[in-house]
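Take a look at the structure below.
Numbering (my numbering), first residue to last: 57 to 102.
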């Protein structure tokens, strides 16, 4: 991934009020919606 792609993606997540950034930290504001949008499935981690 390029830095441009990452920055655009993070900007979209901020605009959608899914995450916020402060002091070098990321805060997930709406985890359920974020998981839904990205299609995350934690079953593969097991």
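Where a beta carbon is used, it is the ideal one built from N, C-alpha and C, also for glycine. Since we're looking at a predicted model, the values are computed, not measured.
CB-CB length for residue i against residue j, believed under 8 angstroms
{"i": "residue 90", "j": "residue 82", "result": "With a Cβ gap of about 11 angstroms, residue 90 and residue 82 do not count as contacting."}
{"i": "residue 74", "j": "residue 86", "result": "5 angstroms"}
Close-in-space but distant-in-sequence residues of the same chain around residue i (CB under 8 angstroms, 5 per side omitted)
{"i": "residue 77", "result": "66, 70, 83"}
Helix, strand or coil at residue i according to DSSP, with G and I counted as helix
{"i": "residue 78", "result": "strand"}
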